[in-house]
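Read in order, the letters of the first sequence are residues 3 to 965 in this note's numbering. Backbone N, C-alpha and C define an ideal beta-carbon position, used for all residues, glycine too.
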Amino acid sequence: MDYNFNEIEQRWQKFWAENKTFKADNTSDKPKYYVLDMFPYPSGAGLHVGHPLGYIASDIMARYKRHKGFNVLHPMGYDSFGLPAEQYAIQTGQHPAITTKQNIARYREQLDKIGFSFDWDREVQTSDPNYYKWTQWIFIQIFNSWYNKTSNKAEHIDTLIEEFHKNGNSNVNAVCDEETISFTAEQWKHFDEQEKSDALMHYRIAYLGEAYVNWCPALGTVLANDEVKDGVSERGGHPVERKLMKQWSMRISAYAQRLLDGLDTLDWTESLKESQRYWIGRSEGTSLKFKVQSSKSEIEVFTTRPDTIFGVSFVTLAPEHELVEIITTPEQKAAVDEYVTKSKSRSERERQAEVTKVSGVFTGAYVEHPFTGKQIPIWIGDYVLAGYGTGAVMAVPGHDSRDYAFAKHFNLPIIEVVAGGDLSKESYDAKEGKLINSEFLNGLEVYDALKAAIAEIEKRGLGKGKTNYRLRDAVFGRQRYWGEPIPIYYKPARRIDGSEVEGGNGIPYALPENELPLVLPEVDKFLPTEDGEPPLARAASSWKKDGVYDYEHTTMPGWAGSSWYYLRYMDANNPNSFADKELMKYWESVDLYIGGSEHATGHLLYVRFWTKFLKDMGYLTIEEPMKKLINQGMIQGVSTPVSIVSYLYEDKLFKVVNSDNGFGININGTYELNILPDFVDFEDGKHILTKENFEMLKKIDNRFFDIQFISNDDLIRLSVKECNDEITKLPLKSCVEKMSKSKYNVVTPDSICEKFGADTLRLYEMFLGPLEQSKPWNTNGITGVSGFLKKLWRLFYQNNTLTISDAEPSKAELKSLHKTIKKITEDIERFSFNTSVSNFMICVNELTEQKCNKRAVLEPLLILISPYAPHIAEELWSRLGHTETIAFAKFPVCNESYLVEDSFTYPVSFNGKTKFNLELPATLSPADIEKEVMAMEEVKKHLNGATPKKIIIVPKKIVNIVV
RNA sequence: ACCCUCUUAGCCCAACGGAAGAGGCGCUUGUCUUAGAAACAAGUUAGUGUAAGUUCGAGUCUUACAGAGGGUACCA
């Protein structure tokens, strides 16, 4: 009987599904274990071999924990709202719901083939109204909340209204907008509906406010910071620009400190925590006011280096700063206006490309130095960011490299106030050295000067110590169709007398909870309207609250649904709440979360934010959603790039000079692309293009007239028309990069499953190397893994018959087994799955050599291997006569007594250099070992009469004699 | 520019600070086969990217540099 993996795998996949083997119980005496994969977006390309890497690892963990007696929650679902389905809808008219459904079906089919132990009864899809009803519900809770800095948590907005009623807002210690005006209780009582709504809006955690956003004209929507890469949209690569817009936002900044502090409690990689810390960007400094000369205005700056206050030689405002217009002198107005217009029109990408270019303009106005009273010019420059701090900096060119570059460029004075650098060459940014040229700070070390400067600034009432965070509030509205509708409607404002205010946008109200879900309406087209309204404005005129009031037309961003999905898995089908409180208490938080590191600052920050919010409101008991997190490395694809120099189109020859999609153009003005892998062969470790394939390539794409192949760094130019016989094999340059549909380097798991089986795929993906490390996909070693499974099979089947002995195993057999038990257990506990695979190989090699077919050895071995290769394990387990699944069989425990060695051969070394070996009983104490060693003739010979300085003895390791 | 990770045999990768090698691929030679392939058996190869330091002892710890991969990007 041969190992027929196709048949075996299908049978067991069917068995698991029919018997709901992996259904997680909500009540159990067993300890719980929650293992979760990062929510996949079901893209049209399906799974490639990189996706299952993490899923296999988490599945091994889930199966292992079941063997270990845990009640395991291991669910899967889909983050099914998102841009690609919508882009496809715009191009084809196909409703994104249909595309999404197809893609999910394809994902599911691929996932099922790999034999994961998911509890599919708990599947969730973010685009399902039964799911997004609760996403909307959570939004309403956030809308109805404010952040109380005194209690340091979110509270219901009613407590704030009550306070306004009693005392106005002067005593309120809340996280709110900068421009919040103060009012008394009396004023509050006389506010009309609009004014009350506006006042509260400054405090709500989900709020409608003006913000600079990343506007992407091509996608017709705003993007979050983490959805923008290199100044272009992460999905699609379209240019992004800055735009001031009224937007729904989330006051995540209120949680900045807690998000930072919480990191210390998490078992995440240091590098991931570091990225979050950096993204949150806490910095301690001082706010400081500069009086503008001959004006009532003041410029407030934020600085972390108040110690360098005497080194200020100018002040720089961001072009968007509100004072720019007010303080600019008539003589400078034209220049300033031009600069402001120019910097506004520049896209993010241009801005970022010009980071090293210095630009700016003088406003003509001056401030007074707060200590010396000296006149200091005010400049504007776009190296100052409008959104950070106060949008203004005190420039200390001597000790800040950006100010230095600006000063050098515009020939502004550079004053040295901290000794230790050479200011003729560069600024001296280090926080080390003594203060000079600084009046009362002279002679102090930087650290002491900082404290002294802050004290003096506060004493004189010029400013105060302040902590700033780089973390911005998250824009929450998207001008898109395929997302959760925001459950808000607008009522026209009313005057005190009750009459309606004409025009205006109306006052936003949250929908009552019994009207949820607010279902996504049908639209005729998935595009914005002619007047630039989002697609939801196309909904039928009946799509209105009570048939009268407009709903909000923007939808939620991709991260909304994924910010709480781990909770829904605990109680996926609950119609009455987002999840039952008792169940959330039982499942607590995720014990192991596995996914890619690309979510470091997006999803993983938002999910922590929502968790903290829900805890504040009393729905949860946990502060952090994911206790342990592992980033699986990326599986990269291998591509073979070529450059197209010119191409033929409708019988005309074109030279590639530029391209409007801004993609793939290299310096020489050629167009780079990757050859489809179907045309590339692999020989002697090199990628080659054969003559046959070249001919094929010509036929398929006859536009390519003149192609440069990059071959071992030499460029070989081939003309398609003149292709001659000389070239039979052309070595191609290959490079390792992200696996992506657009790069033609995607490998799917399907063909591997077909050819070698899912168990081989699972083992092989683990065998590739450490889980967290990125590695290129190659199938060179896959026959080794597949051979191993065949070898395992042959331990049970000799000459096509199951031959199993119930005899007592030999000492050697038991040693092989228990050594493996020990190693595998250690490997799983530290997520070292690659080494487990080789340990299995060693074990099977040894047992094969011992011709072991003892049940007492092979049964435990099957349990050991079942998390990794569950199908073959189930099959052999059942053939051994078991009628129950192997999934819950007790994981074997290592019996150390089988591993004990009688003796150990010590390497005896002098000064670290091994001279000879000495076999001694393993039980000998270090003192006895020393006696034995020192008594030896050879030792005396090596010592040559000298007395050893030190003798180091590590039992069962080494003996080292220091002379 | 900054931050993180990695660098061990022809290749992929192992080695609680204790004799550098477990495993797989590849390669070589057999056995078996009409042949190919498979299976089986035997064999094969590095002194750990470079330079310094800590240590009785360093692939492992520290520092600097180089290369590769990933992340962030004027945050005052």
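Between H69 and the rest of its own chain, which residues show a CB-CB distance below 8 Å, the 5 nearest in sequence each way excluded?
I865, S868, P869, A889, F890, A891, K892 and F893
Whole angstroms is fine: what's the gap from R244's alpha carbon to V224's?
9 Å
Note down the Cα distance separating D402 from W566, rounded to an integer number of angstroms.
42 Å
Quick check: G598 and Q638, are their CB atoms within less than 8 Å of each other?
no
Touch check for the stretch 557-565 and the stretch 585-596: three-plus C-beta pairs under 8 Å?
no
Which residues in the same chain have their Cβ closer than 7 Å to the Cβ of T603, if we skip the five residues on either side of it in sequence?
D228, S277, Q278 and W281
Cross-strand partners of F912 (DSSP beta bridge)
K915 and I963
Distance between V51 and V658 (C-alpha atoms, nearest Å)
Any reading at V658 must be qualified, since the residue scores a pLDDT of 38, below 50, and its modelled position is unreliable; the value itself is stated next. Each residue's Cα considered, the two are about 34 Å apart.
Nearest by alpha-carbon distance to L922: which of F906, S129, P530 and Y133 is it?
F906
Give every residue of the same chain whose Cβ lies closer than 7 Å to the Cβ of M586, excluding the five residues on either side of it in the sequence, and list them in chain order.
L569, M572 and L622
Go ahead and pull the three-state DSSP assignment for L319.
strand
Paired residues, beta bridge with K436 - DSSP
E447
What residues in its chain sit with their C-beta under 6 Å from that of M396, if we drop five residues either side in the sequence?
V303, T305, V314 and V317
Alpha carbon to alpha carbon, what distance is there between Y134 and V846?
50 Å
Taking the runs of the alpha helix (DSSP H) that are 4 residues or longer, which of them lie wholly in the stretch 92-159?
98-116 and 131-145
Return the residue from the list E934, S927, A929 and T925 that minimises the CA-CA distance to N919.
E934
Inter-stretch contact (C-beta, 8 Å, three-pair minimum) for the stretch 796-813 and the stretch 751-766:
no
Contacts around L538, its chain only, beta-carbon distance under 6 Å, and the 5 residues preceding and following it disregarded:
H555
For Q295 and K546, I'd like the C-alpha separation in whole angstroms.
54 Å
Using 8 Å as the threshold, is the C-beta distance between G1 and N946 below it?
Outside the displayed span of the chain (3 to 965) sits residue 1, for which this structure offers no information.
Return the CA-CA distance between S345 and G362, expressed in angstroms with no decimal places.
10 Å
If you draw a straight line from the alpha carbon of A220 to that of N175, how long is it in whole angstroms?
42 Å
Output needed for F166: all residues of its chain with C-beta closer than 6 Å, excluding positions within five of it in sequence on either side, in chain order.
W190
Tell me the DSSP secondary structure of K16 in three-state form.
helix
heavy atom of the ligand FMN below 7 Å from L520 C-beta:
With respect to the ligand FMN, the structure offers nothing, as it holds no ligand at all.
Does the structure place the stretch 474-485 close enough to the stretch 243-257 that three or more beta carbon pairs sit under 8 Å?
yes
On the three-state DSSP scale, how would you describe V224?
strand
Taking DSSP as the reference, what is the three-state secondary structure of N726?
No answer about N726 holds up, because its pLDDT of 45 lies below 50 and its placement is not dependable.
Starting from D39, trace the beta strand (DSSP E) in both directions and tell me its first and last residue.
K34 to D39
Could you spell out where the alpha helix (DSSP H) holding V302 opens and where it closes?
According to the sequence shown, residue 302 is Glu rather than Val. Counting along the chain, E302 falls outside any alpha helix (DSSP H), though it belongs to the beta strand (DSSP E) covering E300 to T305.
Enclosing beta strand (DSSP E) for Q249 [first to last residue]
E243 to M252
The alpha helix (DSSP H) that contains M976, what's its start and end?
Residue 976 is absent from the model: the chain starts at 3 and stops at 965.
Using the three-state DSSP reduction, which class does V419 fall into: helix, strand or coil?
coil
Would you mind giving the Cβ-Cβ distance between F833 and L773, rounded to the nearest angstrom? I have them listed as a contact below 8 Å.
6 Å
Neighbourhood of P131 by C-beta, 6 Å cutoff - its chain only, sequence neighbours within 5 removed
P519 and V521
For Y205 and E188, the rounded distance between their alpha carbons
19 Å
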